[in-house]
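Since the structure comes first, as structure tokens, the remarks are kept for the end.
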Amino acid sequence: MKITLVKKILADGSPCRKCGDVLQKLDESGHMKHIDEILVADERDPESAGLALAKELDVHRAPFFVVE
199 MKITLVKKIL ADGSPCRKCG DVLQKLDESG HMKHIDEILV ADERDPESAG LALAKELDVH
259 RAPFFVVE
């Protein structure tokens, strides 16, 4: 199984607050070790890996997880 987390960087360059909260909770709970890959959906870069995956999967909010 592979778990990918996609987090967002806002257009002004700041990190998404909700994404930060999720990352903190994953870290505090010890679940971060189960995340295989973290991709960034950077609103400043329409070609960023996270935005490309979100478009492919028709996801409109971050953070989100993909489990394969």
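To convert, note that position 16 of the sequence shown is 214 in the working numbering; the numbers rise steadily by one, no gaps.
Where is the CB? At the ideal position from N, CA and C, for every residue including glycine.
In whole angstroms, what separates the C-alpha of residue i from that of residue j?
i	j	result
M210	H232	Sequence inspection shows Asp at residue 210; the Met mentioned does not correspond to that position. Approximately 30 Å between the Cα atoms of the pair.
M199	P213	28 Å
D219	K206	12 Å
Anyone know if the C-beta pair for residue i and residue j falls short of 7 Å?
i	j	result
C217	P261	yes
E235	L208	no
A239	S246	yes
Classify residue i as buried or exposed, calling it buried when 16 or more other Cβ atoms lie within 10 Å of its own Cβ.
i	result
G228	exposed
L255	exposed
V204	buried
I think residue i touches residue j, with their Cβ atoms under 8 Å apart; what is that distance to the nearest whole Å?
i	j	result
L326	M230	Beyond the ends of the chain as shown, which are 199 and 266, falls residue 326; an answer cannot be given.
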